[in-house]
Amino acid sequence: MEERDSRWAKKEIEKRVRLEKELEEEKRRRKKVEEKMEEEEMEWRERMVAMQIEHEKQMMQMHAEACQNQMQVLGVMARILCQFFGSGNDGLGGAGLGTLPPQVLHHGGGLGNVKPDAGSPSEFM
Numbered sequence: 001m002e003e004r005d006s007r008w009a010k011k012e013i014e015k016r017v018r019l020e021k022e023l024e025e026e027k028r029r030r031k032k033v034e035e036k037m038e039e040e041e042m043e044w045r046e047r048m049v050a051m052q053i054e055h056e057k058q059m060m061q062m063h064a065e066a067c068q069n070q071m072q073v074l075g076v077m078a079r080i081l082c083q084f085f086g087s088g089n090d091g092l093g094g095a096g097l098g099t100l101p102p103q104v105l106h107h108g109g110g111l112g113n114v115k116p117d118a119g120s121p122s123e124f125m
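Start counting the sequence shown at 1; every next residue gets the next number (full-length UniProt numbering).
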C-alpha cells in the first residue's frame, strides 16, 4: 500500500511540475507576443509622427508660397497704382507717386532668410 501511495505521489509531483513548466512556457509566449505588439505599436506611432511632420512641412511651404504670391500681386498692384497716380495727369502738378524710386515699387527678395537692407525702402513691402 505504501509503495502504491509513493508511486501515486510521485506521479502527482511529476504532473504538477509538468503543468508548472507548461504554464511558465505559456507566460513566456504571451510576454513575447505582448512585447512584439508594443514594438509594432511604437513603430506605427513613429511612422504617424513622421507623416504628421512631413504634412506640416508641406503646409508651411504652401503657406510661404501663397504669401510670396500675394506679395507679388501686391507689388504689381502698387506699381499699377503708382503709374496711374504718378502719370502727370493727376492734377497735382506731377508731384504724385510717380516720383517714387523703383526700389519702392519692386521687391526683388523672396521669402527666404535674407533680410532687406536697413536703409532700403523695400523692407516695408
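Glycine included, C-beta positions come from ideal geometry on N, C-alpha and C.
The alpha-carbon of residue 76 is positioned some 29 Å away from that of residue 57.
Scanning the region 1 to 72 for uninterrupted alpha helix (DSSP H) segments of 4 residues or longer gives nothing; none is fully contained. Within the same chain, no Cβ atom closer than 6 Å to the Cβ of residue 40 is found once the five residues on either side in sequence are excluded.
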